[in-house]
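2 protein chains.
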Amino acid sequence: MNQDYIIPNEWSIIEEGYNDSRIKSSESLFSIGNGAMGQRANFEEKYSGETFQGSYIAGVYYPDKTRVGWWKNGYPEYFAKVLNAPNWIGINVFVNDIQLDLFTCKKVVDFRRELNMKEGWLSRSFKATLINDITVKVETKRFLSIDLDEVGAIEYNVTPISGDVEITFQPYLDSGIHNEDSNWDDQFWNTTNVTENSSQAFIEAHTMKTNFHTCTFMESKLFINGKEQNSIPKTESSETKVSFYYPAHVKANETYTIHKFGGYVVDRNHDTNQLVTAAKNTLKLAVDLGFSNLLDQQKQAWANIWEMADITIDGDVKAQQGIRFNIMQLNHTYLGKDARLNIGPKGFTGEKYGGSTYWDTEAYCLPFYMATKNQEVAKSLLTYRYNQLDKAIENAESLGFTNGAALYPMVTMNGEECHNEWEITFEEIHRNGAIAFAIFNYYRFTNDYSYIPEKGLEVLIGIARFWHQRVNFSEDKQKYVMLGVTGPNEYENNINNNWYTNYIAKWCIDYALENIEKVKEEYASDFKRIVEKVNISEAELSSWRKVAENMYFPYSEKHEVFLQQDGFLDKDLVTVENLDKSQRPINQKWSWDRILRSPYIKQADVLQGFYFFEDHFSTEELEKHFDFYEPFTVHESSLSPCVHSIQAAKLGRMEQAYTFYLRTSRLDLDDYNKEVEEGLHITSMAGTWMSIVEGFGGMRIQEDKLSFTPQIPSQWEGYSFKVNFRNQVLKVIVNQGKTHFEVDGNKELQIIVNGEKVTISPNNLVTV
Amino acid sequence: MNQDYIIPNEWSIIEEGYNDSRIKSSESLFSIGNGAMGQRANFEEKYSGETFQGSYIAGVYYPDKTRVGWWKNGYPEYFAKVLNAPNWIGINVFVNDIQLDLFTCKKVVDFRRELNMKEGWLSRSFKATLINDITVKVETKRFLSIDLDEVGAIEYNVTPISGDVEITFQPYLDSGIHNEDSNWDDQFWNTTNVTENSSQAFIEAHTMKTNFHTCTFMESKLFINGKEQNSIPKTESSETKVSFYYPAHVKANETYTIHKFGGYVVDRNHDTNQLVTAAKNTLKLAVDLGFSNLLDQQKQAWANIWEMADITIDGDVKAQQGIRFNIMQLNHTYLGKDARLNIGPKGFTGEKYGGSTYWDTEAYCLPFYMATKNQEVAKSLLTYRYNQLDKAIENAESLGFTNGAALYPMVTMNGEECHNEWEITFEEIHRNGAIAFAIFNYYRFTNDYSYIPEKGLEVLIGIARFWHQRVNFSEDKQKYVMLGVTGPNEYENNINNNWYTNYIAKWCIDYALENIEKVKEEYASDFKRIVEKVNISEAELSSWRKVAENMYFPYSEKHEVFLQQDGFLDKDLVTVENLDKSQRPINQKWSWDRILRSPYIKQADVLQGFYFFEDHFSTEELEKHFDFYEPFTVHESSLSPCVHSIQAAKLGRMEQAYTFYLRTSRLDLDDYNKEVEEGLHITSMAGTWMSIVEGFGGMRIQEDKLSFTPQIPSQWEGYSFKVNFRNQVLKVIVNQGKTHFEVDGNKELQIIVNGEKVTISPNNLVTV
């Protein structure tokens, strides 16, 4: 199902021609969102073919009862699921009493769908001949407002072509929806109230168990050839649905238009008892503006996003389309306005992976948001974990840890663990390291130390305590070892001394110790508060030190590489190149045991450590490890190619770097994994951004400055990106042979280019 | 819930006093069976309290759709489940229209339950005062006929004590039953026909999916004070139930009796279309004999079983009761008449563990059946696996193996794998070794080589091929290694080079090679047939040899022991003795990851290898390994204590051996694991037998002879057992200080006692 139907275009995702076999894929690819809600590109009108309905509200989830074959002690009771929320986009369309339904139409021509990335809207147009032989032209436009983020707006135009007809729009709200991914076919929503007045309707419903109260709402305006129609609609309502009927006689080539405004208000943001009032207020704002003004605001909001986040690529329209698609979808998913929210692996584009937050956020997404938004956004992502520290401590306690040791969950919505495979839930503990690393990374990039005494240090202490307890002393090795873990390479489970995990564990302890020292000296009152809270002693710290200083790292003298784990060299070390292509992807072709004992690596593992801690190793060491591990890497995780692309670029292997880049940037658009219909790979999209900025651009922080070693794929004429570095915006334009830098504002910026210090004066293009 | 309500008695399991909190435990403990069917000790009359209903037909199962959290390639589609079969024991009892139900009675006194092990029947008696204040005395007796193994019989007596009453017996059949353990609440039975005539009733039903057709049947006889009553009953039937009403006026102190005959005929043994006819034939045989004669037959059948299988223990009634309970339950479960059947871990006493056959059969049960039955029974157990060889080859193919490699399933009913935890299903592959070992063990004990050229060699070849492909050559170690396995100690998963697995793998290859050689030389026509079938070449055999000769065995020079697996010495080696008691059992107190990285051993692992291959090692080596591993062993498997008991005895540590013995022999009677209500641990009961015969008695095969090194726990006055060795029955009587041997028949038998050859002449007690 590799797709080639998306038409290359610099600023738009475009599909032409109606094909019911790709409806679900397109529903994913044309998804829209505004950080507070998002939805798949489901049709407004009825569609009786195969479809995957999804409209999601940020932070609203359902704790689906865990399903396992054999229960193990410590498994969580539930897996939080993003859940399909009540439908507000629905508009049934009847033409002379026959319902418009593309799946049953006699003919559909000129079908075109466009996701306009520049302006932030989704449109669709087609000519359909219904079973009553009437042909109508339909044009729709839809967007979720960035500014009024509880509201979406739809313009739906129907123009009869073959003669005068009676057209009825039936806009509706429907809370009688279901989730694709439900473990026990539970009911997820309880609808408590369905109300309407002459122009507005409201459905109040709350999620079962979690009791998120919501009000879904709508209001519509009708026009014929642009002239507003003021009829009082007939209404119809049931326990979970309410609809209005707007019939009209429409002459041939006249256009009947409905503007539908709808969306959700949630008790996370409003008083539970005032949801209908809140909905009315929101509707008033939107309706008073009208579709056209709201759309203008939308274009401006997206212009602002692109002003900072855009990456241009010259000479390769597919690459340009790919990178913008990634940047747009990241902004659909998370805008950083709300520290209670985070970045789900599928954003608002599907249900898979259910829970919202993985280590993806810290390892892959943070750099993107740090560089393309103001630094409060990145701080929000850190604060999210700080706010869940107590739950991380409880989680560790449930696994037998004590004394405030914190283990952050593998997957979570509210800080509680959701995942339930023992080899992941209990053993893929390196995630804890990424959360500490993000604190380090934030400070390195922003130079804002305030977060650490205020919040970060408590997190670092909890994490250090976990690692300190998680190792044990091996009498045999006379070192501290870490047994029974799963590293970033999930194709090995329950291994001993995963180098990456051991390394980041030691680093976490060292970094916590360093910051305890610094906070003690420079933030005495914070230090006093923290010590009182976490009750830490010199004896404990010295015990940490002993572990950090005596951590075991498996190493091969022969290969001069750190070993991914103790047993790696016992494997049958046949490289991927020599593996029969018919055997791939191994995660579909091989039984799990065979994968586990193979040398094949799902995503960067040792190399992930070399990515995080690049400064700790020489380029020669990186090269040795890259040449040892990459040949065994099957890149069957969407998070794999970006790290390898960055490292290949660092090693000056631009062809290889470009190959990896292609794989990550159009992963969904070209449906590499044949699963795009389930939703998009949102978190790996941030990896694509890193591939350009850190990979090709070679951006690093060195000596407290931005540093670049710009390179460019031979296939491109040029590319550019911007970075918000400590409140100065630097634009970087790389062409074949030279690089230009420009800094906004009125302050000069010193940077490092290819190892040389360069001063960029404001508003002055500097070419290197 | 440690039980102390079972009254010590040499030949009976007795419970006195009615207590509704122990109903489910007693339903397990008083279970009965005849090898072809079995049932929990559910009451015949209605019981509205908590109960676990179970009546099971050997070989009739349901493939319950697998339930997992995260599907892995290679998982089986279903887990075969023993399933609760239609109820034929039910007899509702009404006294003046009030239904007898012990849970609602005003008073229950003199409640007594007895499972008479000597004679093979279950009885119950009590006086109950119903809510209408009428008091009746009830006495019941029930057995499943060994001789007519499709039939069970019940005698149910009611004697009114407080005055004349109207009593109605309502014997019924009911196929509207359910299973406790169902993954998806599927319907398991489809009832197709409910028929009755004036005295008999039949329910035809088949299992869903597997389509085992059965006919459940009943016929009753009524008596007052022993005088047969010939009334025509009123009948009542529905889609899944049929019952007869036998009302009678019964005077005070008169006894109203029903003899109910019932059971199952199955299309495994009869023509599908002739099941009702078969049921009628069976009923005729039983009813013509009558309850009393059938019971006499039963007593004789059990006398025959005990004649061969009994173990006596003098001076310790609880030990005596315990060992007989084990022997009886093994005989309830499997009598060896049908090579399609095998020994389920819970026999016919519960649903847990679902599938029928585990490696328990070969590793633990075979020795018991070899020594206490004629050798055809043991051969049936081997043939069971031979008949499933094709499925084992398919199973291996589904995991990527080729060329006729066979992997026997972890759990099976029909040869297909049922289990679905990757760390067990795909990795606990040592089970394959036990199946080969059983062939060796059978030949060693019986001297019947014929099985190997006829059937066994094909099994050995399939297994050797599996091991040959399952290892890989480690460049690093320059040896063949086996990565990613779970050994007998299921508290370690996905480990590398489990010594036990590597050792038995090498042994399997060697043993297959040895037998290929022998069959080639001595059974030329069999050899030709086999070679044509399995297509084996000298080149393949030489490749096997290379693996066997270069297998890697982890070893510690320092401790002078083979290591359970590569990483064992890195563990935090705190012995069980030094583990806080509040932390045990660890399988209830610890999360799974913590168990995995601990040094604690669930059941014999390295020591299992020393048990199987005792001759390969010196006693000093055994002692070193025992002293190294036993202190880390938590014995949280019912299969653990017996092996350790045997080895402790071998090392002359009789106190320790006795402690282990106690733990195994009354595991269920004293409910060590607080779970007896789920059913009995049938397969470990064979381990109990081994603890006495191989442990205390020290029985081995040496130089082709039975050999003994008799010891006796200081707590006992004496014990005795019998062994059927190559069609000669040897009785061994061990007292404090001396041992007596006696051989049946007219042939002398040479044995070895404490290393010395001793000749036992027939029918002559020889004292050593």
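Chains as they are written, first to last, in my numbering: chain B, 1 to 768; chain V, 1001 to 1768.
We treat Cβ as the ideally placed atom computed from N, Cα and C, and that holds for glycine.
On a predicted model such as this, the values are computed, not experimentally measured, just so you know.
query: So, helix, strand or coil for residue 1064(V), using DSSP?; result: strand
query: Considering just the uninterrupted stretch of the beta strand (DSSP E) at residue 171(B), what are its terminal residues?; result: 165-174
query: Enumerated in chain order, which unbroken segments of the alpha helix (DSSP H) with a length of 4 residues or greater are wholly contained in the stretch 419-473 of chain B?; result: 422-425, 431-446, 457-470
query: Please confirm whether residue 81(B) and residue 351(B) have their CB atoms less than 9 Å apart.; result: yes
query: Since residue 94(B) sits in a beta bridge, which residues does DSSP pair it with?; result: 99(B), 168(B)
query: Taking only beta carbons into account, state which residues of the stretch 1558-1571 of chain V come closer than 7 Å to chain B, listed in chain order.; result: 1566, 1567, 1569, 1570, 1571
query: Would the stretch 1145-1152 of chain V count as touching the stretch 1291-1305 of chain V if we require 3 or more Cβ pairs under 8 Å?; result: yes
query: Anything in chain B within Cβ reach of residue 1594(V), meaning under 9 Å, just list it in chain order.; result: 73, 74, 399, 400, 426, 484
query: For residue 1731(V), which residues from the same chain have a beta carbon less than 6 Å from its beta carbon, with the 5 sequence-adjacent residues on both sides left out?; result: 1722, 1742
query: Looking at the strands, I want to know which residues DSSP matches up with residue 1179(V).; result: Per DSSP, none; premise fails for residue 1179(V).
query: How is residue 1544(V) classed by DSSP in three states: helix, strand or coil?; result: helix
query: Taking all protein chains shown into account, decide if residue 767(B) is buried (16 or more other Cβ within 10 angstroms of its Cβ) or exposed.; result: exposed
query: Quick one: using the 10 Å Cβ neighbour count with 16 as the cut-off for buried, is residue 671(B) buried or exposed?; result: buried
query: If you draw a straight line from the C-alpha of residue 1(B) to the C-alpha of residue 1089(V), how long is it?; result: Note that residue 1(B) scores 44 on pLDDT, short of 50, meaning its location in the model is unreliable; the coordinates nonetheless yield the value given after this. Near 59 Å, if we compare the C-alpha coordinates of residue 1089(V) and residue 1(B).
query: At a cut of 8 Å, does the stretch 1441-1457 of chain V reach the stretch 1425-1433 of chain V through at least three beta carbon pairs?; result: no
query: For residue 539(B), is the classification buried or exposed, using 16 other Cβ atoms within 10 angstroms of its Cβ as the cut-off for buried?; result: exposed
query: DSSP three-state call for residue 379(B): helix, strand or coil?; result: helix
query: Label residue 1293(V) either buried or exposed according to how many other C-beta atoms from any shown protein chain fall within 10 Å of its C-beta, with 16 as the threshold for buried.; result: exposed
query: Would you say residue 1476(V) lies against chain B (beta-carbon separation less than 9 Å)?; result: yes
query: Along chain B, in chain order, which residues have C-beta atoms closer than 8 Å to that of residue 1066(V)?; result: 69
query: What distance in whole Å lies between the Cβ atoms of residue 206(B) and residue 193(B), which are believed to be in contact at a cut-off of 8 Å?; result: At roughly 10 Å, the Cβ-Cβ gap does not stay under 8 Å, so residue 193(B) and residue 206(B) are not in contact.
query: Give the interface partners of residue 499(B) over in chain V, defined as CB-CB distance under 7 Å, in chain order.; result: The contacting residues do not exist; residue 499(B) stays about 15 Å from chain V at best.
query: For residue 1619(V), which residues from the same chain have a beta carbon less than 8 Å from its beta carbon, with the 5 sequence-adjacent residues on both sides left out?; result: 1650, 1651
query: Taking Cβ-Cβ distances shorter than 9 Å, what residues in chain V pair up with residue 422(B)?; result: 1423, 1493, 1591, 1592, 1593, 1596
query: Which residues in the same chain have their Cβ closer than 6 Å to the Cβ of residue 774(B), if we skip the five residues on either side of it in sequence?; result: Coverage of chain B is limited to positions 1 through 768, which leaves residue 774(B) absent and any answer about it impossible.
query: Quick one: give me the first and last residue of the alpha helix (DSSP H) that residue 213(B) is part of.; result: Segment 213-224 is the beta strand (DSSP E) holding residue 213(B); no alpha helix (DSSP H) there.
query: Using only alpha-carbon positions, find the residue among 311(B), 153(B), 163(B), 266(B) that is nearest to residue 11(B).; result: 311(B)
query: In this structure, how does DSSP classify residue 189(B) when only helix, strand and coil are distinguished?; result: strand
query: Comparing the C-beta of residue 1472(V) with each C-beta of chain B, is any distance below 9 Å?; result: yes
query: Going by beta-carbon coordinates alone, are residue 697(B) and residue 642(B) separated by less than 9 Å?; result: no
query: DSSP state of residue 1001(V), grouped into three classes?; result: Only weak support is given to the placement of residue 1001(V): the predicted model assigns it a pLDDT of 44, under 50, and the value that follows is read from those uncertain coordinates. If DSSP states are grouped into helix, strand and coil, residue 1001(V) belongs with coil.
query: If we count the other Cβ atoms within 10 Å of its Cβ and call it buried at 16 or more, is residue 639(B) buried or exposed?; result: buried
query: So, does the CB of residue 329(B) fall closer than 9 Å to a CB anywhere in chain V?; result: no
query: Among 1572(V), 1625(V), 1609(V), 1749(V), which one has its Cα closest to the Cα of residue 1600(V)?; result: 1572(V)
query: List, in order along the chain, the chain B residues whose C-beta lies closer than 7 Å to that of residue 1496(V)?; result: 567, 570
query: From the DSSP output, in three-state form, read off residue 1059(V) for me.; result: coil
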